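Trainee: Each position in the sequence shown, counted from 1, maps to that position plus 199 in the working numbering.
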Amino acid sequence: MKNPRRRLLQAAGVAWLAPWAASMPAAAKPAEPALLHRAIPSSGQRIPAVGLGTWLTFDVPVNDVEALARRRQVLERFFTDGGRLVDSSPMYGHAEAVMGELLAQPEPRLFSATKVWTAVPLYGPTQMRRSLSLWKLPRVDLMQVHNLLAWRTHLKTLREWQAEGRVRHIGVSTSHGRAPDEVRHILLNERIDVLQIAYSPADRSAEPLLALAAERGVAVIVNRPFDGGALLAGLAGRPLPPVARELQCDSWAALVLKWTLANPAVTCAIPATTNPVHVAQNLAALRGPLPDARQRAAVLASLA
200 MKNPRRRLLQ
210 AAGVAWLAPW
220 AASMPAAAKP
230 AEPALLHRAI
240 PSSGQRIPAV
250 GLGTWLTFDV
260 PVNDVEALAR
270 RRQVLERFFT
280 DGGRLVDSSP
290 MYGHAEAVMG
300 ELLAQPEPRL
310 FSATKVWTAV
320 PLYGPTQMRR
330 SLSLWKLPRV
340 DLMQVHNLLA
350 WRTHLKTLRE
360 WQAEGRVRHI
370 GVSTSHGRAP
380 DEVRHILLNE
390 RIDVLQIAYS
400 PADRSAEPLL
410 ALAAERGVAV
420 IVNRPFDGGA
430 LLAGLAGRPL
440 PPVARELQCD
450 SWAALVLKWT
460 LANPAVTCAI
470 PATTNPVHVA
480 QNLAALRGPL
490 PDARQRAAVL
500 ASLA
């Protein structure tokens, strides 16, 4: 039988150590891996390089309790895992109203991004006020002209709102490779903070515009980073390539996003999902190394 006195002394020693261990400075404890952040050049604000889109995925009735609960799980996982930027639009059906319902309490981690989407220029301010009301926010972090619709008039309004403090950043959005010449014109001649554009391994047509945006000091938000889901659907069941281990990726989603984020012009990619597990896979791209030129080529080869 073991010496009971020895056991008592050991227990006392553990009890004495416990408060000391709890008071250890943070630097002495294992550090969490740093998450990849990128800066918006015009303001210097740094945001996590993976955000959340809401096109289709958040377009559910606000009185659908089950659907709302699912989106709440998505948002909770998103913020818990380090996400901040959530992007929406009046074009996305119920999405803005759903965001407002889910953000009934102020969420300090949120970087709010929405859009003005109307061909009637005079209706722009009314629509933007409605967006603020739906989100239940006094101002938004980013307001964009959706799909360049009436962009000349809307940008003028956005600059006025920015001067008044109702929006912090302004920009334009496009997708599916639309209107590249018009985007180029805006980058060269207009003062904007953000360009939102489609970019993925399946659609690299935007690369010249990404380079121009970087040159002009304009942040880039990437929509359709999985080519509308088609890219990942085509990879279902396929084993990850060796380069995934080098990049500390355990999913195709993280690997594809790291390929995208390796372009230094990209500020944030905004995949959309209704699955909290997929949220975690997406945000995993914020951890570990980004691919170099050789590894980027290897990722592309693995997708062929």
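Backbone N, C-alpha and C fix where the C-beta goes; we use that ideal spot for every residue, glycine too.
Here the structure is a predicted model, which means the values were calculated and not measured.
What is the DSSP secondary structure of Pro247, reduced to helix, strand or coil?
Mentor: Pro247 falls in the strand class under three-state DSSP.
Trainee: Can you tell which of Pro488, Ile369, Leu347 has its C-alpha closest to the C-alpha of Arg377?
Mentor: For Arg377, the nearest C-alpha among the options comes from Leu347.
Trainee: Assuming Arg367 is part of the beta strand (DSSP E), what are its boundary residues?
Mentor: Arg367 -> beta strand (DSSP E) spans 366–372.
Trainee: In or out: His345 buried (at least 16 other Cβ within 10 Å) or exposed?
Mentor: Buried: at least 16 other Cβ atoms inside 10 Å.
Trainee: Do you know whose CA, among Leu411, Glu414, Ala294, Ser450, lies nearest Leu430's CA?
Mentor: Taking only the C-alpha atoms, the option nearest Leu430 is Ser450.
Trainee: Under 8 Å, with one C-beta from each stretch per pair, do the stretch 351–368 and the stretch 422–439 reach the 3-pair mark?
Mentor: Flag = no, the stretch 351–368 and the stretch 422–439 do not touch.
Trainee: Could you tell me the alpha carbon to alpha carbon distance between Asp392 and Asn262, rounded to whole angstroms?
Mentor: Whole-angstrom Cα-Cα distance: 36 Å.
Trainee: Between Ala413 and Ala464, how many whole angstroms is the CB-CB distance? I'm expecting something under 8 Å.
Mentor: So it is a contact: roughly 4 Å between Cβ atoms.
Trainee: In whole angstroms, give me the CA-to-CA distance for Ala226 and Cys448.
Mentor: Residue confidence is low: Ala226 scores 49 on pLDDT, short of 50, so the model does not pin down where it sits. Its coordinate-derived value is still stated next. Taking the straight line joining both Cα atoms gives about 27 Å.
Trainee: For Ala227, does the three-state DSSP call read helix, strand or coil?
Mentor: Annotation note: pLDDT 48 at Ala227 (below 50); position unreliable, no value reported.
Trainee: Given Tyr291, which residues of its chain have a CB within under 8 Å of its CB, disregarding the five upstream and five downstream residues?
Mentor: So the list reads Thr253, Trp254, Leu255, Phe257, Asp258, once near-sequence residues are dropped.
Trainee: Please give the ranges of any alpha helix (DSSP H) in the stretch 311–371, keeping only runs that are unbroken, at least 4 residues long and fully inside the region.
Mentor: Whole alpha helix (DSSP H) segments, 4+ residues: 323–334, 350–363.
Trainee: Assuming Met342 and Val315 are in contact, meaning their beta carbons sit under 8 Å apart, how far apart are those beta carbons, in whole angstroms?
Mentor: That belief holds up - the Cβ atoms of Met342 and Val315 are roughly 6 Å apart, short of 8 Å.
Trainee: Within 8 Å, do at least three Cβ pairs link the stretch 475–489 to the stretch 273–284?
Mentor: Contact between the stretch 273–284 and the stretch 475–489 is present, because at least three Cβ pairs lie under 8 Å.
Trainee: Helix, strand or coil for Asn202 per DSSP?
Mentor: Only weak support is given to the placement of Asn202: the predicted model assigns it a pLDDT of 43, under 50, and the value that follows is read from those uncertain coordinates. Here Asn202 sits in coil by DSSP.
Trainee: So Ala413 is in the alpha helix (DSSP H); what residue range does that whole segment cover?
Mentor: Unbroken alpha helix (DSSP H) run through Ala413: 406–414.
Trainee: I need the straight-line Cα distance from Ala405 to Leu454, nearest angstrom please.
Mentor: Cα to Cα, Ala405 sits roughly 20 Å from Leu454.
Trainee: Hey, out of Leu321, Leu333, Thr317, whose CA is closest to Ala294's CA?
Mentor: It is Leu333 whose Cα lies nearest to the Cα of Ala294.
Trainee: Since I believe Asp286 is in contact with Ile420 (beta carbons under 8 Å), could you give me their beta-carbon distance rounded to a whole number of angstroms?
Mentor: With a Cβ gap of about 7 Å, Ile420 and Asp286 count as contacting.
Trainee: Can you tell me whether Leu408 is buried or exposed? The criterion is at least 16 other CB atoms within 10 Å of its CB, across all chains shown.
Mentor: Buried: at least 16 other Cβ atoms inside 10 Å.
Trainee: Between which residues of its own chain and Ala401 is the CB-CB distance below 6 Å, once the five residues before and five after are set aside?
Mentor: Taken in chain order, the residues that qualify are Asp426, Leu430.
Trainee: Would you give the residue range spanned by the alpha helix (DSSP H) that Asn474 belongs to?
Mentor: Unbroken run through Asn474: none, as it is neither H nor E.
Trainee: Looking at the unbroken beta strand (DSSP E) that takes in Asp286, where does it start and where does it end?
Mentor: That run of the beta strand (DSSP E) goes 284–286.
Trainee: Distance, Cα to Cα, Gln304 vs Lys335?
Mentor: Each residue's alpha carbon lies about 9 Å from the other.
Trainee: Out of Leu301, Arg245, Gly282, Val366, which has the shortest C-alpha to C-alpha gap to Leu331?
Mentor: If we check each option's Cα against that of Leu331, Val366 comes out closest.
Trainee: Using the C-alpha atoms, what's the distance from Leu411 back to Ala418?
Mentor: One C-alpha to the other measures close to 11 Å.
Trainee: Could you give the distance in angstroms between the alpha-carbon of Gly250 and the alpha-carbon of Ser311?
Mentor: In a straight line, the C-alpha of Gly250 is about 10 Å away from that of Ser311.
Trainee: Using only alpha-carbon positions, find the residue among His384, Val319, Gly282, Leu387 that is nearest to Arg237.
Mentor: Among His384, Val319, Gly282, Leu387, the Cα nearest to that of Arg237 belongs to Gly282.
Trainee: When the Cα of His384 is compared with those of Leu234, Tyr398, Arg245, Arg415, which residue comes out closest?
Mentor: Checking every option, the nearest Cα to that of His384 belongs to Arg415.
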